[in-house]
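Notes for the one structure printed next.
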Amino acid sequence: MTTAPSTEQIRQRRAAFRRLHDSGCFVIPNPWDAGSARYLASLGFAALASTSSGFAWSRGQRDGAVALPVVLDYLRTLVATTDLPVNADFEHGFADDALGVARNVALAIATGVAGISIEDSTGNPAAPQFALDEAVERMRAARAAIDASGEDVMLIGRAENFFVGNPDLADTIERLCAYAEAGADCLYAPALHTAEQIRAVVQAVAPKPVNVLVGGASAFTQAELAALGVRRISVGGGMARAAWGALDRAARRLAEEGRFDGFEGAMPGRDLNQLFG
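According to our numbering, the sequence shown holds residues 208 to 484 in order.
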(Lines of atoms letter the chains of each structure in order from A and count residues from 1; the text may use other names and numbers.)
(Lines give C-alpha, C1' and ligand atoms only; values in the text may rest on other atoms or scores of the structure.)
Protein backbone atom coordinates (compact mmCIF):
# COMPACT_ATOMS: atom_id res chain seq x y z
CA MET A 1 0.00 0.00 0.00
CA THR A 2 1.34 3.41 -0.96
CA THR A 3 -1.71 5.63 -0.45
CA ALA A 4 -3.42 6.72 2.73
CA PRO A 5 -5.78 4.01 4.00
CA SER A 6 -9.49 4.63 4.32
CA THR A 7 -11.23 5.40 7.59
CA GLU A 8 -12.62 1.87 7.66
CA GLN A 9 -9.19 0.34 7.06
CA ILE A 10 -7.77 2.38 9.93
CA ARG A 11 -10.62 1.24 12.17
CA GLN A 12 -9.97 -2.40 11.30
CA ARG A 13 -6.24 -2.06 11.96
CA ARG A 14 -6.83 -0.48 15.34
CA ALA A 15 -9.22 -3.26 16.32
CA ALA A 16 -6.73 -5.91 15.16
CA PHE A 17 -3.95 -4.21 17.11
CA ARG A 18 -5.96 -4.28 20.32
CA ARG A 19 -6.77 -7.97 19.80
CA LEU A 20 -3.07 -8.77 19.54
CA HIS A 21 -2.72 -7.61 23.15
CA ASP A 22 -5.46 -9.89 24.47
CA SER A 23 -3.42 -13.10 24.62
CA GLY A 24 -0.17 -14.70 23.53
CA CYS A 25 3.05 -12.86 22.75
CA PHE A 26 3.91 -11.09 19.50
CA VAL A 27 6.98 -9.33 18.13
CA ILE A 28 6.51 -5.78 16.86
CA PRO A 29 9.60 -4.75 14.83
CA ASN A 30 10.57 -1.14 14.24
CA PRO A 31 11.12 0.05 10.64
CA TRP A 32 12.75 3.42 10.03
CA ASP A 33 11.44 4.11 6.51
CA ALA A 34 9.02 2.85 3.88
CA GLY A 35 11.42 0.24 2.50
CA SER A 36 12.17 -1.37 5.84
CA ALA A 37 8.46 -1.31 6.67
CA ARG A 38 7.53 -3.14 3.48
CA TYR A 39 10.30 -5.67 4.00
CA LEU A 40 9.25 -6.43 7.58
CA ALA A 41 5.61 -6.71 6.53
CA SER A 42 6.63 -9.24 3.88
CA LEU A 43 7.96 -11.53 6.61
CA GLY A 44 4.55 -11.91 8.22
CA PHE A 45 4.77 -9.69 11.28
CA ALA A 46 1.35 -8.70 12.60
CA ALA A 47 2.16 -5.08 13.47
CA LEU A 48 4.93 -2.49 13.20
CA ALA A 49 6.22 0.27 15.45
CA SER A 50 8.12 3.41 14.62
CA THR A 51 11.59 4.00 16.05
CA SER A 52 12.63 7.48 17.07
CA SER A 53 16.32 6.54 17.01
CA GLY A 54 16.31 4.59 13.74
CA PHE A 55 14.40 7.32 11.96
CA ALA A 56 16.63 10.07 13.35
CA TRP A 57 19.80 8.27 12.21
CA SER A 58 18.34 7.79 8.73
CA ARG A 59 18.12 11.59 8.57
CA GLY A 60 21.61 12.17 9.93
CA GLN A 61 20.31 13.37 13.30
CA ARG A 62 20.65 12.14 16.87
CA ASP A 63 17.78 10.43 18.63
CA GLY A 64 15.39 13.01 20.05
CA ALA A 65 16.39 15.79 17.66
CA VAL A 66 13.71 15.31 15.00
CA ALA A 67 10.95 17.93 14.99
CA LEU A 68 7.32 16.95 15.50
CA PRO A 69 6.10 17.78 11.94
CA VAL A 70 8.78 15.49 10.49
CA VAL A 71 7.86 12.70 12.90
CA LEU A 72 4.21 13.03 11.93
CA ASP A 73 5.17 12.67 8.26
CA TYR A 74 7.17 9.55 9.16
CA LEU A 75 4.14 8.07 10.93
CA ARG A 76 1.94 8.83 7.92
CA THR A 77 4.49 7.10 5.70
CA LEU A 78 4.49 3.94 7.82
CA VAL A 79 0.69 3.88 7.98
CA ALA A 80 0.40 4.26 4.19
CA THR A 81 3.18 1.79 3.31
CA THR A 82 1.65 -1.47 4.55
CA ASP A 83 -1.73 -2.71 5.72
CA LEU A 84 -0.42 -3.42 9.24
CA PRO A 85 -1.29 -1.50 12.40
CA VAL A 86 1.46 0.90 13.50
CA ASN A 87 2.46 1.86 17.02
CA ALA A 88 3.98 5.35 17.33
CA ASP A 89 7.14 5.84 19.36
CA PHE A 90 5.97 9.31 20.38
CA GLU A 91 8.82 10.06 22.78
CA HIS A 92 7.63 12.41 25.57
CA GLY A 93 4.80 13.81 23.48
CA PHE A 94 6.97 16.59 22.03
CA ALA A 95 5.68 18.95 24.70
CA ASP A 96 6.76 20.48 27.99
CA ASP A 97 3.32 20.42 29.57
CA ALA A 98 0.25 18.20 29.67
CA LEU A 99 -1.78 20.52 27.44
CA GLY A 100 0.87 20.21 24.75
CA VAL A 101 0.93 16.42 25.11
CA ALA A 102 -2.82 16.28 24.54
CA ARG A 103 -2.59 18.54 21.49
CA ASN A 104 0.21 16.50 19.93
CA VAL A 105 -1.38 13.14 20.68
CA ALA A 106 -4.41 14.35 18.72
CA LEU A 107 -2.09 15.07 15.79
CA ALA A 108 -0.61 11.57 16.07
CA ILE A 109 -4.05 9.98 16.08
CA ALA A 110 -4.82 11.78 12.83
CA THR A 111 -1.91 10.00 11.10
CA GLY A 112 -3.76 6.69 11.42
CA VAL A 113 -1.59 4.97 14.02
CA ALA A 114 -3.08 2.23 16.19
CA GLY A 115 -1.02 2.88 19.32
CA ILE A 116 0.88 5.76 20.87
CA SER A 117 3.74 5.35 23.36
CA ILE A 118 4.37 8.19 25.80
CA GLU A 119 7.52 8.11 27.91
CA ASP A 120 8.36 9.97 31.09
CA SER A 121 11.79 11.20 29.99
CA THR A 122 12.49 14.93 29.87
CA GLY A 123 15.55 15.11 27.62
CA ASN A 124 17.32 17.00 30.42
CA PRO A 125 20.38 15.08 31.70
CA ALA A 126 20.19 16.89 35.04
CA ALA A 127 16.62 15.68 35.63
CA PRO A 128 16.01 12.92 33.10
CA GLN A 129 12.51 11.93 34.24
CA PHE A 130 9.44 13.96 35.03
CA ALA A 131 8.37 13.82 38.65
CA LEU A 132 5.73 11.15 39.12
CA ASP A 133 2.80 13.51 39.61
CA GLU A 134 3.72 15.47 36.48
CA ALA A 135 4.28 12.27 34.48
CA VAL A 136 0.84 11.02 35.55
CA GLU A 137 -0.75 14.32 34.54
CA ARG A 138 0.83 14.00 31.10
CA MET A 139 -0.40 10.41 30.75
CA ARG A 140 -3.91 11.48 31.72
CA ALA A 141 -3.75 14.21 29.09
CA ALA A 142 -2.78 11.65 26.43
CA ARG A 143 -5.65 9.40 27.55
CA ALA A 144 -8.10 12.30 27.41
CA ALA A 145 -6.99 13.20 23.88
CA ILE A 146 -7.55 9.63 22.71
CA ASP A 147 -10.96 9.46 24.38
CA ALA A 148 -11.98 12.81 22.90
CA SER A 149 -11.06 11.58 19.42
CA GLY A 150 -13.48 8.66 19.66
CA GLU A 151 -10.82 6.44 18.07
CA ASP A 152 -9.73 3.05 19.44
CA VAL A 153 -6.05 3.96 19.76
CA MET A 154 -4.03 2.19 22.43
CA LEU A 155 -1.99 4.22 24.91
CA ILE A 156 1.34 2.78 26.01
CA GLY A 157 2.90 4.16 29.19
CA ARG A 158 6.69 4.04 29.42
CA ALA A 159 8.84 4.33 32.53
CA GLU A 160 12.34 5.23 31.37
CA ASN A 161 14.19 4.51 34.64
CA PHE A 162 16.59 1.89 33.31
CA PHE A 163 17.19 3.90 30.13
CA VAL A 164 18.18 7.11 31.89
CA GLY A 165 20.51 5.70 34.55
CA ASN A 166 17.99 5.17 37.35
CA PRO A 167 17.67 1.35 37.53
CA ASP A 168 15.30 1.45 40.49
CA LEU A 169 12.84 -1.40 39.98
CA ALA A 170 10.52 -0.28 42.80
CA ASP A 171 10.22 3.21 41.35
CA THR A 172 9.76 1.76 37.87
CA ILE A 173 6.88 -0.39 39.07
CA GLU A 174 5.32 2.51 41.00
CA ARG A 175 5.40 4.61 37.86
CA LEU A 176 3.98 1.90 35.63
CA CYS A 177 1.14 1.20 38.03
CA ALA A 178 0.38 4.93 38.17
CA TYR A 179 0.37 5.13 34.37
CA ALA A 180 -1.99 2.17 34.20
CA GLU A 181 -4.30 3.94 36.64
CA ALA A 182 -4.05 7.08 34.50
CA GLY A 183 -5.34 5.18 31.48
CA ALA A 184 -2.40 3.45 29.78
CA ASP A 185 -3.54 0.27 28.03
CA CYS A 186 -0.08 -1.31 27.86
CA LEU A 187 2.99 -0.77 30.04
CA TYR A 188 6.62 -0.61 29.00
CA ALA A 189 9.90 -0.24 30.90
CA PRO A 190 12.73 -0.42 28.35
CA ALA A 191 16.09 -1.92 29.32
CA LEU A 192 14.88 -4.50 31.81
CA HIS A 193 17.51 -7.23 31.69
CA THR A 194 16.62 -10.11 34.02
CA ALA A 195 13.76 -12.57 34.22
CA GLU A 196 13.14 -11.44 37.78
CA GLN A 197 12.73 -7.80 36.72
CA ILE A 198 10.42 -8.69 33.85
CA ARG A 199 8.31 -11.04 35.96
CA ALA A 200 7.95 -8.41 38.69
CA VAL A 201 6.71 -5.81 36.22
CA VAL A 202 4.27 -8.23 34.57
CA GLN A 203 2.81 -9.25 37.92
CA ALA A 204 2.59 -5.67 39.19
CA VAL A 205 0.51 -4.30 36.29
CA ALA A 206 -1.55 -7.42 35.55
CA PRO A 207 -3.90 -7.90 33.82
CA LYS A 208 -2.69 -5.10 31.55
CA PRO A 209 -0.18 -6.24 28.89
CA VAL A 210 3.54 -5.51 29.08
CA ASN A 211 5.96 -4.66 26.28
CA VAL A 212 9.60 -5.70 26.63
CA LEU A 213 12.41 -4.21 24.56
CA VAL A 214 15.03 -6.53 23.07
CA GLY A 215 17.26 -4.16 21.16
CA GLY A 216 20.32 -6.37 20.80
CA ALA A 217 21.56 -9.94 21.04
CA SER A 218 19.76 -11.56 23.95
CA ALA A 219 19.73 -14.88 25.75
CA PHE A 220 15.93 -14.67 25.84
CA THR A 221 13.78 -16.21 23.13
CA GLN A 222 10.28 -15.10 22.30
CA ALA A 223 8.94 -18.27 23.92
CA GLU A 224 10.85 -17.60 27.12
CA LEU A 225 9.56 -14.03 27.34
CA ALA A 226 6.05 -15.29 26.69
CA ALA A 227 6.47 -17.72 29.59
CA LEU A 228 7.29 -14.73 31.81
CA GLY A 229 3.96 -13.21 30.85
CA VAL A 230 5.22 -10.69 28.29
CA ARG A 231 2.56 -9.83 25.74
CA ARG A 232 4.63 -8.02 23.12
CA ILE A 233 8.30 -7.57 22.22
CA SER A 234 9.72 -4.56 20.39
CA VAL A 235 13.26 -4.08 19.12
CA GLY A 236 13.52 -0.28 19.12
CA GLY A 237 16.51 0.88 17.09
CA GLY A 238 17.96 -2.64 17.06
CA MET A 239 17.29 -3.40 13.41
CA ALA A 240 18.44 0.05 12.33
CA ARG A 241 21.66 -0.45 14.29
CA ALA A 242 22.11 -3.87 12.69
CA ALA A 243 21.82 -2.24 9.27
CA TRP A 244 24.28 0.49 10.27
CA GLY A 245 26.63 -2.20 11.55
CA ALA A 246 26.62 -3.94 8.18
CA LEU A 247 27.26 -0.62 6.44
CA ASP A 248 30.08 0.20 8.84
CA ARG A 249 31.83 -3.14 8.31
CA ALA A 250 31.61 -2.97 4.52
CA ALA A 251 32.59 0.71 4.30
CA ARG A 252 35.55 0.43 6.67
CA ARG A 253 37.01 -2.54 4.82
CA LEU A 254 36.73 -0.56 1.60
CA ALA A 255 38.03 2.74 2.98
CA GLU A 256 40.83 1.35 5.14
CA GLU A 257 41.94 -1.78 3.29
CA GLY A 258 40.60 -1.48 -0.24
CA ARG A 259 38.68 -4.72 0.27
CA PHE A 260 35.26 -5.57 -1.09
CA ASP A 261 34.49 -8.66 0.98
CA GLY A 262 32.35 -6.56 3.28
CA PHE A 263 29.59 -6.98 0.71
CA GLU A 264 29.41 -10.70 1.48
CA GLY A 265 25.91 -11.59 2.63
CA ALA A 266 24.35 -8.55 0.95
CA MET A 267 20.75 -9.03 -0.13
CA PRO A 268 20.55 -9.52 -3.92
CA GLY A 269 19.24 -6.55 -5.85
CA ARG A 270 16.85 -8.76 -7.77
CA ASP A 271 15.20 -9.84 -4.51
CA LEU A 272 14.77 -6.21 -3.44
CA ASN A 273 13.42 -5.25 -6.85
CA GLN A 274 10.96 -8.13 -6.69
CA LEU A 275 9.84 -7.09 -3.20
CA PHE A 276 9.36 -3.46 -4.14
CA GLY A 277 8.08 -4.12 -7.65
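The beta-carbon is built from N, C-alpha and C at its ideal position, and this holds for glycine as well.
Could you check which residue in the options has the C-alpha nearest to that of residue i?
i	options	result
residue 210	224, 237, 241 and 232	241
residue 402	437, 414 and 378	437
residue 260	451, 349, 410 and 468	451
residue 225	244, 253, 312 and 248	253
residue 363	227, 392 and 273	392
residue 430	231, 219, 227 and 214	231
residue 291	263, 342 and 219	219
residue 280	269, 316, 215 and 368	316
residue 278	378, 262 and 359	262
residue 440	419, 227, 361 and 353	419
residue 356	266, 346, 314 and 340	314
residue 411	378, 421 and 424	378
Can you name the residues that DSSP bridges to residue i?
i	result
residue 295	323
residue 336	328
residue 393	363
residue 402	Answer is none; residue 402 lacks a bridge partner.
residue 518	There is no way to answer for residue 518, as the model of the chain reaches only from 208 to 484.
residue 256	294
residue 234	440
Drop a sphere of 10 angstroms on the beta-carbon of residue i, count the other beta-carbons inside from all chains shown, and report buried for 16 or more, exposed for fewer.
i	result
residue 454	exposed
residue 474	exposed
residue 400	exposed
residue 238	buried
residue 326	buried
residue 444	buried
residue 396	buried
residue 215	exposed
For residue i, which residues of its own chain have a beta-carbon under 6 Å away from its beta-carbon, when the five flanking residues on both sides are left out?
i	result
residue 320	282, 293 and 295
residue 348	305, 308 and 309
residue 248	289 and 291
residue 344	305
Expressed to the nearest angstrom, what Euclidean distance is found between the alpha-carbon atoms of residue i and residue j?
i	j	result
residue 463	residue 480	31 Å
residue 246	residue 385	37 Å
residue 432	residue 351	32 Å
residue 483	residue 234	23 Å
residue 365	residue 414	17 Å
residue 223	residue 457	40 Å
residue 336	residue 476	45 Å
residue 322	residue 427	25 Å
residue 376	residue 404	7 Å
residue 460	residue 449	17 Å
residue 318	residue 284	9 Å
residue 212	residue 370	35 Å
residue 374	residue 229	29 Å
residue 372	residue 478	42 Å
residue 387	residue 394	7 Å
residue 383	residue 465	51 Å
Once the 5 residues before and after residue i are set aside, which same chain residues still bring their CB inside 8 Å of it?
i	result
residue 311	275, 297, 300, 301 and 302
residue 330	271 and 299
Please work out which residues of its chain come closer than 7 Å, Cβ to Cβ, to residue i, disregarding the five sequence neighbours upstream and downstream, and give them in chain order.
i	result
residue 407	376 and 380
residue 470	457
residue 167	For the chain, the structure presents residues 208 to 484; residue 167 sits outside this window and is missing.
residue 258	237, 239, 296, 443, 444 and 447
residue 286	212, 293, 318, 319 and 320
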